[in-house]
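**Student:** Numbering (our numbering), first residue to last: 7 to 116.
Ideal Cβ placement from N, Cα and C applies to all residues, glycine included.
Only a predicted model underlies this, so the values are computations on that prediction, with no experimental measurement involved.
Now the structure itself:
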């Protein structure tokens, strides 16, 4: 079964949360790099919440493809730390944490 590239087939959006299910890790990394590139070209800030096994590979790809200035608009976070940072998995707590991370990212690049 051939997977469709959701990045090239998606509508442009200004804000949101993307859940991305995949089977091919390299296909996922390539799409993620495309997503980041598109976001940076649109002057967006990018928050990537991912598992600790994938973060080193993602970081290595970001380091290869983007310059220092671009990387200031990208924040990588371990999903376990993010979702359980306050000791619970309640939606309200997660959304509060999400807003804090976005605020930090906005301050970082201003």
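(1) In angstroms, rounded to a whole number, what distance separates the CA positions of residue 100 and residue 58?
(2) Using 10 angstroms around the beta-carbon of residue 79, count the other beta-carbons present and answer buried if the total reaches 16, otherwise exposed.
(3) Assuming residue 36 and residue 61 make a contact with CB atoms under 8 angstroms, what is their CB distance in whole Å?
(4) Report the CB separation of residue 39 from residue 71 in whole angstroms; it is logged as a contact under 8 angstroms.
(5) Do the CB positions of residue 86 and residue 103 come within less than 8 angstroms of each other?
**Tutor:** Judging by the given coordinates:
(1) In the chain shown, residue 100 corresponds to position 94, counting from 1. In the chain shown, residue 58 corresponds to position 52, counting from 1. Using only the alpha carbons, I get a separation of about 18 angstroms.
(2) As a first step, residue 79 must be located in the chain shown, where it is residue number 73. When all chains shown are included, residue 79 counts as buried.
(3) Here residue 36 refers to the residue found at position 30 when the chain shown is read from its first residue. Here residue 61 refers to the residue found at position 55 when the chain shown is read from its first residue. That belief does not hold up - the Cβ atoms of residue 36 and residue 61 are roughly 17 angstroms apart, past 8 angstroms.
(4) For the purposes of this step, residue 39 is identified with residue 33 of the chain shown, where counting begins at 1. For the purposes of this step, residue 71 is identified with residue 65 of the chain shown, where counting begins at 1. Rounded, the Cβ-Cβ distance is 6 angstroms, consistent with contact.
(5) What you label residue 86 is simply residue 80 of the chain shown in a count that begins at 1. What you label residue 103 is simply residue 97 of the chain shown in a count that begins at 1. No. Outside cutoff.
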